[in-house]
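Student: Please read through the structure below; I'll follow up with questions.
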Amino acid sequence: MSNQKKFMSGIETNANKEKAVELYQKAAVLGHSVAQYNLACMYKEGKVVCRDNEKIFNLLENSAEGEYLNAINMLGECYYKEIGTDIDKEKAFELYQKAANLGHSVAQYNLAQMYRKGDGVDKDEKKAFELFEESSKECLNGKFMLGYCYSKGIGTSVDKKKAAELYQQSADQGHELAKNNLAILYKRGEGVNKDSDKASELFKELYLKGYSNIYGTILDCCDIDDDEKGQVKSFFNNKCVSLINTLVSDLSDEKQVEICQAAAEVGQKLIKFDSAEIVDNYKTCEGIIKNIKNVFYRSADEIKKFKN
Numbered sequence: 003m004s005n006q007k008k009f010m011s012g013i014e015t016n017a018n019k020e021k022a023v024e025l026y027q028k029a030a031v032l033g034h035s036v037a038q039y040n041l042a043c044m045y046k047e048g049k050v051v052c053r054d055n056e057k058i059f060n061l062l063e064n065s066a067e068g069e070y071l072n073a074i075n076m077l078g079e080c081y082y083k084e085i086g087t088d089i090d091k092e093k094a095f096e097l098y099q100k101a102a103n104l105g106h107s108v109a110q111y112n113l114a115q116m117y118r119k120g121d122g123v124d125k126d127e128k129k130a131f132e133l134f135e136e137s138s139k140e141c142l143n144g145k146f147m148l149g150y151c152y153s154k155g156i157g158t159s160v161d162k163k164k165a166a167e168l169y170q171q172s173a174d175q176g177h178e179l180a181k182n183n184l185a186i187l188y189k190r191g192e193g194v195n196k197d198s199d200k201a202s203e204l205f206k207e208l209y210l211k212g213y214s215n216i217y218g219t220i221l222d223c224c225d226i227d228d229d230e231k232g233q234v235k236s237f238f239n240n241k242c243v244s245l246i247n248t249l250v251s252d253l254s255d256e257k258q259v260e261i262c263q264a265a266a267e268v269g270q271k272l273i274k275f276d277s278a279e280i281v282d283n284y285k286t287c288e289g290i291i292k293n294i295k296n297v298f299y300r301s302a303d304e305i306k307k308f309k310n
């Protein structure tokens, strides 16, 4: 095992990520594509070193030149999500396709999402389904989305039983949104025997883990009818207003206006976001969703404690 890996994992040494950065940097300068990718990931994570989008992009670009599949896929994400470069969906598609054709399961998932949404490419649900099916062999998100395709009839016939099986497999591997969708199937008795107790048990697990606070932004990924969606969205909006009011209550008028304006801009962006993208952002700590997570269901008194 390389010294970098040992420092990162703590094998034969105390875990020292600062030292890992130093070693990755040395190897990256010498053109080591895996080190370049690992260093880019650390810049993206922003814990040991400050996040630097320009460095992320440059490192991934160099790593991708070495034909490292993880880097090719993540470079595609840079072009797709405007990380260190301008948005270029055509370039993102090209990179995802390159990595996907070489068997990269996450790239297959990303490419499938583009086909599913018709984003940067002509919409093709059949192609999306095929790519999710291929991705599902190794990518957990791919397996979840394959279940979603069966549940909604995206690129294939509706098959709630198959959807339930895939949601169950994904949930067993730790996919919380799959657990949510499985709970709804149990609640309705679709693809599984109706079991309200099982549904309640799954919902409770999600709530205790704090995942219920993102329901308002991921409704399109859930098997919920329009009336229920409207109720949850209304609750979500009211809760956001309450949260913002509490957070700004002790600030100057100027600061209050500034924060409320920023919140309004965020709201407009959320409306435009694809639900699956929000889930991805939540899981990778991108955007604001992660910041909302731990305070969304808190009381006003608890929120005020965070401010002190």
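3 is the number of the first residue of the sequence shown in the working numbering; add one for each residue after it.
Glycine is no exception: its CB is placed at the ideal position from the N, C-alpha and C atoms.
None of the values given here were measured: they were computed from a predicted structure.
So, residue 78 versus residue 111, is the Cβ gap smaller than 7 Å?
Tutor: No, these two residues do not count as a Cβ contact at 7 Å.
Student: Can you tell me where the alpha helix (DSSP H) with residue 128 in it begins and where it stops?
Tutor: Its alpha helix (DSSP H) spans residues 127–137.
Student: Need the endpoints of the alpha helix (DSSP H) that residue 153 sits in, please.
Tutor: Residue 153 -> alpha helix (DSSP H) spans 142–154.
Student: What do you get for residue 38, buried or exposed, if any count of 16 or more other CB atoms within 10 angstroms of its CB means buried?
Tutor: Per the 10 Å Cβ criterion, buried.
Student: Where does residue 203 land, buried or exposed, given buried means 16+ other C-beta within 10 angstroms?
Tutor: Classification for residue 203: exposed.
Student: So, residue 192 versus residue 164, is the Cβ gap smaller than 7 Å?
Tutor: Contact: no.
Student: Please classify residue 216: is it buried, with 16 or more other beta-carbons within 10 angstroms of its beta-carbon, or exposed?
Tutor: Confidence is the limiting factor: at residue 216 the pLDDT is only 46, short of 50, which leaves the residue's position unreliable, though a coordinate-based value still follows. So residue 216 ends up on the buried side.
Student: Taking C-alpha atoms, which residue in 152, 116, 158, 172 lies nearest to residue 141?
Tutor: Nearest option by C-alpha distance: 172.
Student: Pick from 46, 113, 206, 64: whose alpha carbon is nearest that of residue 93?
Tutor: That would be 113, whose Cα lies nearest to the Cα of residue 93.
Student: If I measure Cβ to Cβ from residue 200 and keep anything under 7 Å in the same chain, skipping five residues before and after, which residues do I get?
Tutor: Answer for residue 200: 188, listed in chain order.
Student: Expressed to the nearest angstrom, what Euclidean distance is found between the alpha-carbon atoms of residue 281 and residue 186?
Tutor: Confidence in residue 281 is poor, its pLDDT being 47 and thus under 50, which makes the residue's placement too unreliable to answer from.
Student: How would you label residue 24, buried or exposed, when you count the other beta carbons within 10 angstroms and need 16 or more for buried?
Tutor: The residue in question, residue 24, is exposed, as its Cβ has fewer than 16 Cβ neighbours within 10 Å.
Student: Relative to the C-alpha of residue 86, which residue among 53, 150, 67 is closest?
Tutor: Measuring from the Cα of residue 86, the nearest candidate turns out to be 53.
Student: Residues in the same chain with beta-carbon distance under 7 Å from residue 107, minus the five sequence neighbours each way, listed in chain order, please.
Tutor: Excluding sequence neighbours, residue 107 sits near 137, 139, 140, 141, 144.
Student: Can you give the Cα-Cα distance for residue 69 and residue 115, rounded to whole angstroms?
Tutor: Distance between the alpha carbons of residue 69 and residue 115: 23 Å.
Student: Return the chain-ordered list of same chain residues with a C-beta closer than 6 Å to the C-beta of residue 76, the five sequence neighbours on each side being excluded.
Tutor: Contacts found: 62.
Student: Compare the Cα-Cα distances from residue 30 to each of 58, 50, 49 and report the closest residue.
Tutor: If we check each option's Cα against that of residue 30, 58 comes out closest.
Student: Can you find the residues in the same chain that come closer than 6 Å, C-beta to C-beta, to residue 41, ignoring five residues on each side of it along the sequence?
Tutor: So the qualifying residues of the chain are 26, 30, 61.
Student: Between 33, 129, 208, 182, which lies nearest to residue 102 when the distance is taken from Cα to Cα?
Tutor: Here the closest residue by C-alpha is 129.
Student: Are the Cβ atoms of residue 1 and residue 182 separated by less than 7 Å?
Tutor: The question about residue 1 has no answer here: the residues shown for the chain are numbered 3 through 310.
Student: List the whole-angstrom C-beta distance separating residue 133 from residue 117, where the pair is believed to meet the contact cut-off of C-beta under 8 Å.
Tutor: Confirmed, Cβ separation roughly 7 Å.
Student: Among 195, 180, 73, 127, whose alpha-carbon lies nearest the alpha-carbon of residue 46?
Tutor: The candidate whose alpha carbon is nearest that of residue 46 is 73.
Student: Measuring straight from C-alpha to C-alpha, what distance separates residue 100 and residue 71?
Tutor: Distance between the alpha carbons of residue 100 and residue 71: 9 Å.
Student: Taking the straight line between their C-alpha atoms, what separation do you get for residue 151 and residue 109?
Tutor: Their backbone Cα atoms lie some 18 Å apart in a straight line.
Student: Look at the Cβ atom of residue 44, then the Cβ atom of residue 51, and state whether they are nearer than 7 Å.
Tutor: Yes, the Cβ-Cβ distance between residue 44 and residue 51 is below 7 Å.
Student: Let's test the definition: count the other Cβ atoms within 10 Å of the Cβ of residue 97 and tell me whether it reaches 16, buried, or not, exposed.
Tutor: Answer is buried; the Cβ neighbour count reaches 16.
Student: For residue 64, which of helix, strand or coil comes out of DSSP?
Tutor: In the structure shown, residue 64 sits in a helix (DSSP, three-state: H, G or I).
Student: Relative to the C-alpha of residue 156, which residue among 205, 91, 66, 126 is closest?
Tutor: Comparing Cα-Cα distances from residue 156 to each of 205, 91, 66, 126, the minimum goes to 126.
Student: Where residue 153 and residue 91 are concerned, what is the direct C-alpha to C-alpha distance, given to the nearest angstrom?
Tutor: Whole-angstrom Cα-Cα distance: 28 Å.
Student: With DSSP run on the structure shown, which of helix, strand or coil describes residue 28?
Tutor: Helix at residue 28.
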